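K.L.:
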Amino acid sequence: GLLPHGDIVGRLPGQLVQTAGGLKLLVRRPSLEEYVVLMARAATIAYPKDVSAMLTMMDLHPGDTVLESGSGSGALSLFLSRAVGSKGRVISYEIREDHYNLAKKNYRQWRASWEIGHMEEWPDNVDFILKDITTAAEDMKSVTFDAIVLDMLNPQAALPVICPSLKHGGVCAVYLANITQVIALLDRIQTCKLPFLCEKIIDVTHRNWLVIPVPYVARPSYWQDPHSAFLTKLRKFQLPLS
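According to UniProt numbering, the sequence shown is numbered sequentially starting from 1.
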């Protein structure tokens, strides 16, 4: 049935509205997960199921400083922003101007919408930078990162640049679309003798279930989330003194 937009405006989250056909709908604000999936995008986003795994890999805390390479549409930037909080900082590099502009726009729109339904404002803690990360060595000399996340076509090219700025014991999480990229990444670490240990390579799978008490139904849903990426967890170690 039809539901006029005016019937939704002014409603509070948790209230029910009814369509012309008698179907009841729940009014609520979109979660961050829903926003990043449905927002405008110029590049394939890091999906929430993968982002959650990467945040766990990096073990982020409020107040941490994180480097992101590959702002894309800003999905991962938003989750990083929430993880490090108002006292933390996210520095996000993007090489393409269209992606850079869209990431900033999506970030601003989420912050503005957040303030409508919350007393406190969303932290303004992400610095978007339009620059190739492989040419940014000088920019990062004065910064020490608690963690780094790479979502780019050739992350192995960035490793020698970002390595000196990552704290010893810190994690670099890498988002890769296919397994050949994982092989190329690990090969570069080995050939360049970079101080990274590969602790884990995973892909995240969810199984959706359909459960209906009456009539009794309990089975995997026909609609399942597809494979999206390989996530590689690298940890920086301190080279022994010669």
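Where a beta carbon is used, it is the ideal one built from N, C-alpha and C, also for glycine. Since we're looking at a predicted model, the values are computed, not measured.
1. Which residues mark the beginning and the end of the alpha helix (DSSP H) in which W114 is found?
2. Hey, E68 and S86: beta-carbon distance below 8 Å or not?
3. Could you give the C-beta distance for L231 and I202, rounded to a whole number, given that I count them as a contact under 8 Å?
4. Tell me which residues share the same chain as R235 and place their Cβ nearer than 6 Å to its Cβ, disregarding the 5 neighbours each side in the sequence.
5. Under 8 Å, do Q111 and Q156 count as touching if we go by C-beta distance?
6. Can you give the Cα-Cα distance for T65 and L32, rounded to whole angstroms?
7. Could you tell me whether the Cβ atoms of V149 and L210 are closer together than 8 Å?
8. Considering only the beta carbon of each residue, do H48 and V84 sit closer than 8 Å?
9. What's the gap between the Cα of V204 and the Cα of A46?
10. If you draw a straight line from the C-alpha of R89 to the C-alpha of D127, how long is it?
11. What do you get for G70, buried or exposed, if any count of 16 or more other CB atoms within 10 angstroms of its CB means buried?
12. For D124, verify whether its CB is less than 7 Å away from any heavy atom of the ligand SAH.
13. Report the residue from I95, M119 and D124 whose alpha carbon sits nearest the alpha carbon of Q109.
14. Helix, strand or coil, according to DSSP, for V143 in the structure here?
15. I believe G72 touches D146 by the beta-carbon criterion, under 8 Å. Please report the beta-carbon distance rounded to the nearest angstrom.
16. Using DSSP's beta-bridge definition, name the partner residues of S69.
17. Could you tell me the alpha carbon to alpha carbon distance between F79 and Y107, rounded to whole angstroms?
18. Would DSSP call D127 helix, strand or coil?
19. Should G22 be labelled buried (16 or more other beta-carbon atoms within 10 Å of its own) or exposed?
20. Alpha carbon to alpha carbon, how far is V17 from A103? Give it in angstroms, no decimals.
P.N.:
Based on what the coordinates show:
1. Counting along the chain, the alpha helix (DSSP H) containing W114 begins and ends at E97 to G117.
2. Their beta carbons are not under 8 Å apart, which means E68 does not touch S86 by this criterion.
3. Right, their Cβ atoms sit about 5 Å apart.
4. V171, L197 and E199
5. One point to set straight first is that residue 111 is Arg, not Gln, in the sequence displayed. Contact flag unset, no.
6. 21 Å
7. no
8. One point to set straight first is that residue 48 is Pro, not His, in the sequence displayed. The answer is no: Cβ separation not under 8 Å.
9. Looking at the two C-alpha atoms, the distance is approximately 12 Å.
10. So the alpha carbons of these two residues sit roughly 8 Å apart.
11. Looking at its Cβ environment, which holds 16 or more other Cβ atoms inside 10 Å, G70 is buried.
12. Because no ligand of any kind appears in the structure shown, any question about the ligand SAH cannot be addressed here.
13. D124
14. Residue state, collapsed to three classes: coil.
15. Wrong, their Cβ atoms sit about 21 Å apart, outside the cutoff.
16. Y93 and L150
17. Their backbone Cα atoms lie some 10 Å apart in a straight line.
18. strand
19. exposed
20. 34 Å
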